[in-house]
Each structure stands twice: as structure tokens, then as C-alpha cells.
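*Asks:*
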Amino acid sequence: MAEAARRVQSGPPKRIGVRGWVYAGRYGLDRYLYILQRASGLGLILYLFLHIYETGIRLRGEAAWSATMALFRTPVFVVFEFILFAGFVFHALNGLRLIFAELGWLLGPPTRPVYPYRTSIRRHRPWVYALMVLTGLFVALAAWDIFVLLD
Amino acid sequence: MRESRWWILSLSAAALMVVLLTLHMGLMHLSGLMKVLGVDPGDVRSFAAVMERGRSLAQMVFYLLFLGAALYHGLYGLRSVLLEVTPPRGQGVLSGLVLAAGLLAFAYGAYVTVRTFTG
Chain A
11 MAEAARRVQS GPPKRIGVRG WVYAGRYGLD RYLYILQRAS GLGLILYLFL
61 HIYETGIRLR GEAAWSATMA LFRTPVFVVF EFILFAGFVF HALNGLRLIF
111 AELGWLLGPP TRPVYPYRTS IRRHRPWVYA LMVLTGLFVA LAAWDIFVLL
161 D
Chain B
820 MRESRWWILS LSAAALMVVL LTLHMGLMHL SGLMKVLGVD PGDVRSFAAV
870 MERGRSLAQM VFYLLFLGAA LYHGLYGLRS VLLEVTPPRG QGVLSGLVLA
920 AGLLAFAYGA YVTVRTFTG
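Chains as they are written, first to last, in the numbering used here: chain A, 11 to 161; chain B, 820 to 938.
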């Protein structure tokens with residue numbers, strides 16, 4: 011009885027805890043996009059702090075700035091730059107899609123619930139595929155620029 | 820201000836960032852591609868180019884807007900993630916810490932931008 015009361019007060023047990031941030035089980039594609047949106051966002055905010063520090067190096071003069079830029083042209087940093095760009099492209103395009111969905115756009119007009127049901131998520135799905143194609147295209151262009159054109 | 824208004828502000832910052840960040844990333848990270856398209860921005864990361872851009876009033880306004888929008892949107896998102904694992908008692912402290920980090924980063928970034936502008 012006391013155990014039941016405790017469970018009512020504290021809610022259901024958090025069975026997977028923080029692991030739930032990266033594990034979406036049998037949820038749909040949208041849930042995995044949500045996880046990627048979070049992961050890319052966290053990466054970008056971490057980078058933003060490093061970037062603010064790095065831009066401040068210009069105040070220490072040309073030598074310090076040039077040394078930092080030379081470091082950023084090393085292969086490890088070039089790969090980081092590509093990952094950063096890919097993260098930005100995905101986060102921006104998926105974020106735009108989410109803003110549109112939040113505002114009720116791209117979800118189609120409301121319809122009567124007639125079987126077989128067609129949810130707004132399904133009606134929205136073509137936009138998800140369009141987003142993935144566009145993200146892939148921009149990431150491929152960035153790879154061409156970063157690894158080939160500026161090599 | 821109600822939480823929903825902070826959320827709308829974060830969405831607005833995101834929409835602004837899509838424009839500002841696309842310009843920034845295109846110029847700073849895709850200069851090879853821009854050259855292929857017939858626009859040669861030169862060595863955009865050289866010290867001379869960075870300082871020259873920094874002395875333009877339009878660029879200063881652009882970077883200050885960019886900095887504010889990026890920090891607000893990013894830290895609002897970070898706070899939302901961290902609130903999920905923070906007990907109710909600590910949520911005020913967490914919000915305060917995130918706000919302090921944002922203000923410090925904005926102050927430093929704005930200082931660098933304004934110092935570059937004034938020479």
C-alpha cells in the first residue's frame with residue numbers, strides 16, 4: 011500500500027534515465043531526428059563558446075591570429091570544420107521544419123477522422139524526406155569545398 | 820515573462836540565425852565554392868581581412884545581432900535539456916548559471932567586436 015502510494019506520488023519509474031536521450035526504441039523517424047537536433051545543437055553551442063574565445067585572439071595581434079589560423083588548417087581541424095558545417099546544415103534545416111510545424115504550417119488542413127486514419131505526422135513526412143535530401147546535398151557541397159577545392 | 824514568451828523569443832532568434840549564420844558560414848567556410856560560382860572573397864580568414872571587416876559599421880551590427888541571437892537560442896536550448904535532469908529545487912540556480920554564462924560570453928564577444936571596430 012505504502013509502495014503504491016509512493017509510486018503515485020513520484021510517477022512511473024524512470025527505467026532508462028538519461029539513456030532515453032539517445033535511445034528512441036521503436037519510435038518513428040521523427041524521434042530520431044529530434045535526438046539528432048539535440049545532439050547537433052549541443053555541439054554547436056559548445057563550439058560557439060570556443061569560437062567567441064578564438065575570435066578574441068585577433069586582439070593579441072597578427073602573429074597570434076596567424077598561428078591560430080595555421081592550426082585550423084591542420085587535417086584534424088579541417089575534419090572538425092566539416093562536422094561543424096554538417097551539424098549546422100542539419101540543425102538549421104530541421105529547425106526550420108520544426109518551426110513551421112510549431113506554427114501549424116506544412117501539416118495540411120484539418121480533416122475528419124475517417125478510417126484509414128492519416129495523421130498530421132504522415133502528411134508532414136514528405137517534408138522530412140525533402141529536408142534529408144537538401145541536408146545531404148549541402149553536406150556533399152561542403153565536403154567538396156572543404157576537402158577538395160581548398161586542399 | 821512567461822515561459823511561452825521565452826520560447827517564442829528562442830524561435831525568433833532561430834529564424835534570424837538561419838539568415839545570419841547562412842551568410843556567415845557561406846563566407847567563412849565555403850569560400851572555395853563561392854569562387855566556383857564566380858565570387859572570389861579572397862582569403863577571408865587572413866588577419867588583414869578580419870580587421871578590415873571588423874571596422875565596418877554594418878559588420879559590427881551584424882556580429883552583435885548574430886552573437887546575441889546565437890547565445891540566446893543556444894543557451895535556451897541547453898537550459899531546456901539540463902532542466903530535464905535537474906530537480907525542481909535546483910532549477911532556479913541552473914537558469915541563473917546559464918544566464919550568467921550567456922551574459923559573460925556576450926560581454927566578451929561584444930568587447931572584441933567593438934574594440935576591432937574602434938581600432
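We treat Cβ as the ideally placed atom computed from N, Cα and C, and that holds for glycine.
In chain order, what residues of the same chain have a beta carbon less than 7 Å from the beta carbon of A:Leu-69, not counting five sequence neighbours either side?
*Replies:* Excluding residues within five positions, none has a Cβ falling inside 7 Å.
*Asks:* Where does A:Ser-76 sit, in a helix, a strand or coil, going by DSSP?
*Replies:* The answer is helix: DSSP assigns A:Ser-76 an H, G or I state.
*Asks:* Would a C-beta distance cut-off of 7 Å place B:Gly-917 and B:Arg-898 closer than the cut-off?
*Replies:* With the sequence shown as reference, residue 917 of chain B is identified as Val, and Gly is not the correct amino acid for it. Contact: yes.
*Asks:* For B:Ala-832, name the three-state secondary structure that DSSP assigns.
*Replies:* If DSSP states are grouped into helix, strand and coil, B:Ala-832 belongs with the helices.
*Asks:* Short of 7 Å in beta carbon distance, which residues of its chain neighbour B:Ala-832, apart from the five on each side in sequence? Order them along the chain.
*Replies:* Same-chain partners within the cutoff: Ala-888, Tyr-891, His-892.
*Asks:* I think B:His-848 touches A:Glu-91, with their Cβ atoms under 8 Å apart; what is that distance to the nearest whole Å?
*Replies:* The pair is a contact, with the Cβ atoms about 6 Å apart (cut-off 8 Å).
*Asks:* How big is the Cα-Cα spacing for A:Leu-43 and B:Thr-937?
*Replies:* Roughly 44 Å separates the two Cα atoms.
*Asks:* Does any C-beta atom of chain B lie closer than 7 Å to the C-beta of A:Leu-159?
*Replies:* Yes, its Cβ sits closer than 7 Å to a Cβ of chain B.
*Asks:* Pick helix, strand or coil for A:Arg-70, following the three-state DSSP scheme.
*Replies:* The answer is helix: DSSP assigns A:Arg-70 an H, G or I state.
*Asks:* Can you confirm whether the stretch 93-105 of chain A touches the stretch 140-153 of chain A when touching is taken to mean that 3 or more C-beta pairs between the two stretches lie within less than 8 Å?
*Replies:* Touching, yes, given that three or more Cβ pairs across the two stretches are closer than 8 Å.
*Asks:* Can you give the Cα-Cα distance for A:Arg-133 and A:Trp-115, rounded to whole angstroms?
*Replies:* One C-alpha to the other measures close to 11 Å.
*Asks:* 7 Å is my cut-off, CB to CB: does B:Asp-830 come that close to chain A?
*Replies:* According to the sequence displayed, residue 830 of chain B carries Leu and not Asp. Output row for B:Leu-830: interface = yes.
*Asks:* Indicate whether at least one CB of chain A lies closer than 7 Å to the CB of B:Ala-888.
*Replies:* Not closer than 7 Å to any Cβ of chain A, the Cβ of B:Ala-888 fails to qualify, so no.
*Asks:* Quick one: which unbroken alpha helix (DSSP H) runs of 4-plus residues sit fully inside the stretch 64-145 of chain A? Chain order, please.
*Replies:* Qualifying alpha helix (DSSP H) stretches, in chain order: 72-82, 85-112.
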